[in-house]
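Novice:
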Amino acid sequence: MGACLGACSLLSCASCLCGSAPCILCTCCPSTRNSTVSRLLFTIFLFLGVLVSVIMLSPGVESQLYKLPWVCEDEAQSPVVLRGHLDCGSLLGFRAVYRMCFAMAAFFFLFTLLMVCVRSSRDPRAAIQNGFWFFKFLIFVGITVGAFYIPDGSFSKIWFYFGVVGSFLFTLIQLILLIDFAHCWNQRWLCKAEERDSPAWYAGLFFFTFLFYVLSIAAVTLMFIYYTEPSACYEGKTFVGLNLILCLCVSIVAVLPKVQDAQPNSGLLQASVITLYTMFVTWLALSNVPDQKCNPHLPTSNATDQASLEDYRTLWWDAPSIVGLVIFILCSLFISLRSSDHRQVNSLMQTEECPVALEPTQQQQVAVSEGRAYDNEQDGVTYSYSFFHFCLVLASLHIMMTLTNWYSPGESGKLISKWTSVWVKICASWAGLLLYLWTLVAPLLLPNRDFS
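Numbered according to mature numbering (1 follows the signal peptide of the UniProt record, and there is no 0), the sequence shown spans residues -19 to -1, 1 to 433.
#1: CA-CA distance, Phe28 and Val78?
#2: With distance defined between alpha-carbon atoms, name the residue in Ser19, Gln168, Gly147 nearest to Phe113.
#3: Measure the alpha-carbon distance for Ala423 versus Gly74 and round it to whole angstroms.
#4: Rounded to a whole number of angstroms, what is the C-alpha to C-alpha distance between Pro238 and Phe189?
#5: Please return the same chain residues whose Cβ sits closer than 7 Å to the Cβ of Trp140, not counting the five positions on each side in sequence.
#6: Could you check how far apart the C-beta atoms of Cys275 and Glu210 are, in whole angstroms? I think they sit under 8 Å.
#7: Alpha carbon to alpha carbon, what distance is there between Phe369 and Trp419?
#8: So does the stretch 120 to 134 actually touch the stretch 149 to 160, counting three or more Cβ pairs closer than 8 Å?
#9: Relative to the C-alpha of Ile233, which residue among Leu32, Arg169, Leu414, Phe26 is closest?
#10: Please tell me whether Phe90 and Val374 are closer than 8 Å, where the distance is taken between their beta carbons.
#11: For the alpha helix (DSSP H) that contains Val403, what are its first and last residues?
#12: With C-beta atoms as the reference, is Val99 less than 8 Å away from Ala163?
#13: For Gln244 and Leu427, which I take to be in contact (beta-carbon distance under 8 Å), what is that distance rounded to the nearest angstrom?
#14: Do Leu250 and Leu196 have their beta-carbon atoms positioned less than 8 Å apart in this structure?
#15: Quick check on residue 443: buried or exposed, where buried means 16 or more other Cβ atoms within 10 Å of its Cβ?
#16: How many angstroms separate the CA atom of Gln345 from the CA atom of Phe315?
#17: What is the DSSP secondary structure of Arg430, counted as helix, strand or coil?
#18: Going straight from the alpha carbon of Ile206 to that of Ile308, what length do you get?
Structure (structure tokens):
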């Protein structure tokens, strides 16, 4: 009897994996929206690629790889090759990260093109978006295997610049998410303070605002201590000082009477969050300054500011990369789980508003499909399929640059820190501050538009 039930369960899972709806939730799980499950599963694909990249960067992987006789031939040849003419060096270090992230970007870009102008789940392409996960996994693995057969040549140098552009755009998306999160946080706590007439909510807002500003000031102090010298590092001093002044300016603008009248929910909490994130991006920029005196994160073993493939496997485990990886994971989960619930993300991701008349239908589907995902997009999608996949393309490029510390591939398997990476991050911080400033002054400049 147990064997029969197990076989039936296996057949049910197989049909879900190959069918047109993500019904792979267990029966003990609550019913979930179709759109949420699909976004989460695609994000899991992204995290699988990140995990493979991290493993290939981990120390000790090379020695374990050479112990496998069917992978790398232990012969005195350069380069060591796989049977089948695959460069074994592409399985390690930054080369593996570049190829893995290329596979992820290609996979999501394929769906970006495929899902253009999907308006509802009645579109046949919606079935591909929300189902057939087993075949998607096979396609993902196939693209990944093919990516590792790309000849080294100029691939790494060209793909580096794709990563620079993609990471810059994804940083701006992170800023949009952060601004929206700060506005929603401030609005909810103010509403609760007014409804319950409790000063505790105001105290909470004051505490976190004070904490974020203290952390920002501490970050500025540490950057001046560790990334500048009294008679050198003028670029770093300029970047930190200028960003500090810009953050002070947007904080003052946020509490101006006219801005407060146009946006009653605007306050120092949002400004403190943006200030802290700006200091974080500034820190990332300074960690790429190609000067040993001004950057303690550069490898000390090479006076030419280059990192060999062997040295780099432990190089990325520094504080900026780890913090950047954590923020990347949180941002990706935010996109996958909350993209249809927040205003700013909605304006980016959504193509059509789901009508209110759909709600009773959804309630009926919830009652019928316990432990399964129900279709909540019959009359209109809750997010843009195509733009969601484009965000994952940018996320793939961003994590590639994060794991390689934005170092540029050079000659003879070297990684070089260039000023290009520094300027891209600094420009991203300025663009983020300008974007936040626009959210403050836009209601004043365009009074006839609704910015609620």
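Built from N, CA and C at the ideal position, the CB exists for glycine as well.
Specialist: From the atom records:
#1: As a first step, residue 28 is located in the sequence shown; it is residue number 47 there, counting from the start. As a first step, residue 78 is located in the sequence shown; it is residue number 97 there, counting from the start. Rounded to the nearest angstrom, the two C-alpha atoms are 13 Å apart.
#2: The residue labelled residue 113 in the question sits at position 132 within the sequence shown. From the listed residues Ser19, Gln168, Gly147, the smallest Cα separation to Phe113 is found for Ser19.
#3: Stepping through the sequence shown from its first residue, residue 423 is reached at position 442. Stepping through the sequence shown from its first residue, residue 74 is reached at position 93. Approximately 46 Å, taken between the alpha carbons.
#4: For the purposes of this step, residue 238 is taken as the residue at position 257 of the sequence shown. For the purposes of this step, residue 189 is taken as the residue at position 208 of the sequence shown. For Pro238 and Phe189, the distance between alpha carbons rounds to 22 Å.
#5: Translated into positions along the sequence shown, residue 140 becomes position 159. Correct list, in chain order: Tyr79, Phe83.
#6: Here residue 275 refers to the residue found at position 294 when the sequence shown is read from its first residue. Here residue 210 refers to the residue found at position 229 when the sequence shown is read from its first residue. Sure, about 7 Å apart at Cβ, within 8 Å.
#7: Numbered from its first residue, the sequence shown carries residue 419 at position 438. Numbered from its first residue, the sequence shown carries residue 369 at position 388. Roughly 24 Å between the two C-alpha positions.
#8: Not touching, per the Cβ criterion.
#9: Locating residue 233 in the sequence shown gives position 252, counting from the first residue. Relative to Ile233, the option among Leu32, Arg169, Leu414, Phe26 whose CA is nearest is Leu414.
#10: Mapped onto the sequence shown, residue 90 falls at position 109. Mapped onto the sequence shown, residue 374 falls at position 393. Against a cut-off of 8 Å, the Cβ pair of Val374 and Phe90 comes out as a contact.
#11: Taking the first residue of the sequence shown as position 1, residue 403 is located at position 422. Val403 -> alpha helix (DSSP H) spans 400 to 426.
#12: The residue you call residue 99 lines up with position 118 of the sequence shown. The residue you call residue 163 lines up with position 182 of the sequence shown. Their beta carbons are not under 8 Å apart, which means Val99 does not touch Ala163 by this criterion.
#13: Along the sequence shown, one-based indexing puts residue 244 at 263. Along the sequence shown, one-based indexing puts residue 427 at 446. With a Cβ gap of about 13 Å, Gln244 and Leu427 do not count as contacting.
#14: Within the sequence shown, the letter at position 215 stands for residue 196. Within the sequence shown, the letter at position 269 stands for residue 250. If you check the CB distance, Leu196 and Leu250 do not come in under 8 Å.
#15: Since the displayed the chain opens at -19 and closes at 433, residue 443 lies outside it and no answer follows.
#16: Position 364 of the sequence shown holds residue 345. Position 334 of the sequence shown holds residue 315. Legend: pLDDT at Gln345 = 48, less than 50; position of this residue unreliable, value from coordinates given subsequently. Near 28 Å, if we compare the C-alpha coordinates of Phe315 and Gln345.
#17: As a working mapping, residue 430 is identified with position 449 in the sequence shown. Arg430 falls in the coil class under three-state DSSP.
#18: In the sequence shown, residue 206 corresponds to position 225, counting from 1. In the sequence shown, residue 308 corresponds to position 327, counting from 1. Near 24 Å, if we compare the C-alpha coordinates of Ile308 and Ile206.
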